Amino acid sequence: MIVLMPALSAFLVSGPTWNSAWLLALWCLCYCVQFSAARWAKSHGRARYRMPMLVYAALLTCAGLPFVFRFPGMLWWAPLYCVLCAGSLICAWRRREHSILANICAVLASSTMAIPVASLGAHGGGTSALAHLLPFDQSILPPLGVEIAGAYALTLFGSVLYVKTMIRERGNTRYLAASWIWHILVMAVGFLYSPLYGTLGAILLARRRHAGRDAQYEEDCEDRGNRRVRDELGLFRDDHLCRHGAHSVTGV
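Just so you know, we're using our numbering here: the sequence shown kicks off at 66 and counts up by one.
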């Protein structure tokens, strides 16, 4: 979802074209290259992970070079994606692919792809509620693509924090506070631009609150279950010791 949804949303909303479909297919190949390269980096260069990386890279080169010749302006995005890819591979090399830095690289890369995909759509990026707020050249950064990218970036990073408080960082008060603050900011920013975005932000905030209660309930149930198991094991151990002691005394 994190990888494909922003680009796919831009592809559908901006009006599908052969060129935007071409870029969407290239983005899928980019993900395959990044995933296999991250596996290779995590293994510190094991040969078994090298061939998939090279095969996907060759496919991307064959399909991507004609696209670059057709749309040389897309190279404007190359520096950003080189930095994000390098950050992802460094995290994989250090075996920190689930770190917050790696998550930020993934969120930014996937969300930003909505902009170039939208620029190739049938509506040329279209218009949006943010068009009058954008100070830059809208032919390079179409308002519709920027809107989709921004919405996904805010939402997906909130999901990153939300999931971490449920699994890897469960019980970490800093991540819990960051998750709450981020969801509140998303709601506030949403209301600044549109009642629709504000309402969606409020729904996400309600999800955060409801999920927090569920997590606390599950944790309490788990604690009660663990105490019950410990008590039962303790009773079994005491009963076993009593029987063993009685057998020793009676010689039976």
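Cβ atoms here follow ideal geometry from the backbone N, Cα and C, with glycine treated the same way. Because the structure is a prediction, the values reported are computed rather than measured.
Measure how close the beta-carbons of residue 180 and residue 211 come, nearest whole angstrom, since I'm counting them as under 8 Å.
6 Å
Return helix, strand or coil for residue 232, following the three-state DSSP convention.
coil
Return yes when the Cβ of residue 88 is within less than 8 Å of the Cβ of residue 185, no when it is not.
yes
Within 10 Å of its beta-carbon, does residue 76 have 16 or more other beta-carbons around it, so buried, or fewer, so exposed?
buried
Starting from residue 175, trace the alpha helix (DSSP H) both ways and give me its first and last residue.
165 to 177
Does the distance from the C-beta atom of residue 96 to that of residue 104 stay below 8 Å?
no
So, is residue 188 buried or exposed, given that buried needs 16 or more other C-beta atoms within 10 angstroms?
exposed
Please go through the stretch 208 to 271 and give each complete alpha helix (DSSP H) segment of 4 or more residues, from N-terminal end onward.
208 to 231, 238 to 258
Would DSSP call residue 160 helix, strand or coil?
coil
Going by the beta-carbon positions, is the gap between residue 98 and residue 121 smaller than 8 Å?
yes
Can you tell me the Cα-Cα spacing of residue 170 and residue 207, whole angstroms?
22 Å
If you drop the 5 nearest sequence neighbours on each side, which residues of the same chain put their C-beta closer than 7 Å to that of residue 172?
67, 218, 221, 222, 225
Apart from the five residues just before and just after residue 142, which ones in its own chain have a Cβ nearer than 7 Å to its Cβ?
181
Suppose you measure from the CA of residue 227 to the CA of residue 241; what does that come to, to the nearest Å?
If I take the Cα positions, the gap works out to 8 Å.
How would you write the range of the alpha helix (DSSP H) that residue 121 sits in, first residue to last?
115 to 135
For the candidate residues 237, 213, 266, 106, whose alpha-carbon lies nearest to that of residue 158?
106
Tell me, to the nearest whole angstrom, how far the beta carbon of residue 174 is from that of residue 209; I am working on the premise that it is less than 8 Å.
With a Cβ gap of about 19 Å, residue 174 and residue 209 do not count as contacting.
Going by C-alpha distance, which of 124, 250, 165 is nearest residue 216?
250
In three-state terms, what does DSSP make of residue 110?
coil
What number of angstroms, rounded off, separates the C-alpha of residue 153 from the C-alpha of residue 144?
14 Å
Sort 86, 84, 165 by Cα distance to residue 230 and report the nearest one.
165
Rounded to a whole number of angstroms, what is the C-alpha to C-alpha distance between residue 263 and residue 70?
21 Å
Is the distance from the Cβ of residue 129 to the Cβ of residue 91 below 8 Å?
When the beta-carbon positions are compared, residue 129 and residue 91 come within less than 8 Å of each other.
Just to confirm, are residue 176 and residue 214 a CB contact at a threshold of 8 Å?
yes
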